[in-house]
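Numbering (my numbering), first residue to last: 1147 to 1320. We put the beta carbon where it would ideally sit given N, CA and C, even for glycine. Remember, it's a predicted structure, so these values are computed and weren't measured experimentally.
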């Protein structure tokens, strides 16, 4: 069971990285996506064709696997387990991205603009604030305006926690 989860995460990572390098849109990283990843890596479903972009990523993933390593066995795993694990994988992915976004963005701004201390926190506050930004006449105004346009937000103006919308920015930060 753990092997199936590990391989599904690896396939999901290969898939997302491949799409980012191509400049393609990231699919919604929900339970359905992870259920498809689990199904794709289990040996019982190996003969079933995985179509579309995920199928292409599966080919890349399988090419990198050791040929002597057996595929995860789904023979005694019921659908309820797969459903629950896929839901948990989606939740963990969403939490990991949204909880680490601020810290990674903070480091990225420090390295990119060579600023530290209070200046970087002022910059972050201006960029991530859900309230409309009022120009203050400081050198950060243009940086804040530029980044505010690129940050994915919810309808209420707050930073989104949708994993598929945060991944392209997080990829750029790393």
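- In the DSSP secondary-structure assignment, residue 1188 is bridged to 1218.
- If you draw a 10 Å sphere on the C-beta of residue 1279, you find fewer than 16 other C-beta atoms in it, and that means exposed.
- The stretch 1300-1319 makes contact with the stretch 1248-1256; the number of CB pairs closer than 8 Å reaches 3 or more.
- Taking the Cα of residue 1274 as reference, the smallest distance to any Cα among 1304, 1313 and 1262 is reached at 1304.
- In the DSSP secondary-structure assignment, residue 1305 is bridged to 1299.
- Linking residue 1310 to residue 1158 through their CA atoms gives a straight-line distance of about 12 Å.
- In this structure residue 1231 is not in contact with residue 1160, their Cβ atoms being roughly 19 Å apart against a cut-off of 8 Å.
- DSSP assignment within the stretch 1241-1304 yields the following whole alpha helix (DSSP H) runs of 4 residues or more, N-terminal first: 1264-1274 and 1287-1296.
- In chain order, 1287 place their CB closer than 7 Å to the CB of residue 1281, counting only its own chain and leaving out the 5 sequence neighbours on each side.
- Here the alpha carbon of residue 1239 sits roughly 8 Å from the alpha carbon of residue 1175.
- With a contact defined as Cβ atoms closer than 8 Å, residue 1177 and residue 1236 qualify at about 5 Å.
- Here residue 1175 carries a coil assignment [DSSP, helix/strand/coil].
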